[in-house]
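Student: For the numbering used here, count along the sequence shown from 1 and bump the result up by 30.
All C-beta atoms, glycine included, are put in the ideal place defined by N, C-alpha and C.
For clarity, every value in this text was computed on a predicted model and none was experimentally measured.
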Amino acid sequence: MPWTVYILRCSDDTLYTGITKDLGARIKTHNAGKGAKYTRGRGPVNVMWSEDGLDEGGARKKEIEIKKLSRSEKIQLFKK
């Protein structure tokens with residue numbers, strides 16, 4: 031199953047980047063307060079951007095690249 035890298039907007043307007051094999055299930059987990067520590071208490075979250083069809087290594091590499099971007103650079107990804 032391919033991997034997906036994604037960016038979420040949290041209820042406090044912060045951004046969170048992660049990877050998963052099942053985006054729908056992962057969003058439900060985040061919104062249930064059982065996802066990453068960062069998103070707990072910051073829900074509900076909304077998917078702002080995602081890229082799928084990656085292998086695990088490619089998804090992890092892309093996640094690291096995105097996490098190095100500034101907030102404004104991440105927002106530019108949404109507009110593409």
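Exposed or buried, residue 44, counting other C-beta atoms within 10 Å across all chains shown (16 or more means buried)?
Tutor: The count along the sequence shown starts at 1 and reaches residue 44 at position 14. Residue 44 should be labelled exposed.
Student: What are the boundary residues of the beta strand (DSSP E) that includes residue 34?
Tutor: As a working note, residue 34 is residue 4 in the sequence shown. Start and end: 33-39.
Student: Going by DSSP, name the residue or residues bridged to residue 81.
Tutor: Looking up residue 81 in the sequence shown gives position 51. 35, per the DSSP bridge assignment.
Student: Thinking C-alpha only, which one of 84, 61 and 76 is nearest residue 33?
Tutor: Numbered from 1 along the sequence shown, position 3 holds the residue referred to as residue 33. Per the Cα distances, 84.
Student: Name, in chain order, the residues that DSSP records as bridge partners for residue 94.
Tutor: Here residue 94 refers to the residue found at position 64 of the sequence shown. The partner list for residue 94 (beta bridge, DSSP) is empty, contrary to what the question assumes.
Student: Indicate whether residue 63 and residue 73 have their beta-carbon atoms separated by less than 8 Å.
Tutor: Translated into the one-based positions of the sequence shown, residue 63 becomes position 33. Translated into the one-based positions of the sequence shown, residue 73 becomes position 43. Result yes, Cβ atoms of residue 63 and residue 73 sit closer than 8 Å.
Student: Using only the alpha-carbon positions, how far apart do residue 99 and residue 86 sit?
Tutor: Within the sequence shown, the letter at position 69 stands for residue 99. Within the sequence shown, the letter at position 56 stands for residue 86. So the alpha carbons of these two residues sit roughly 20 Å apart.
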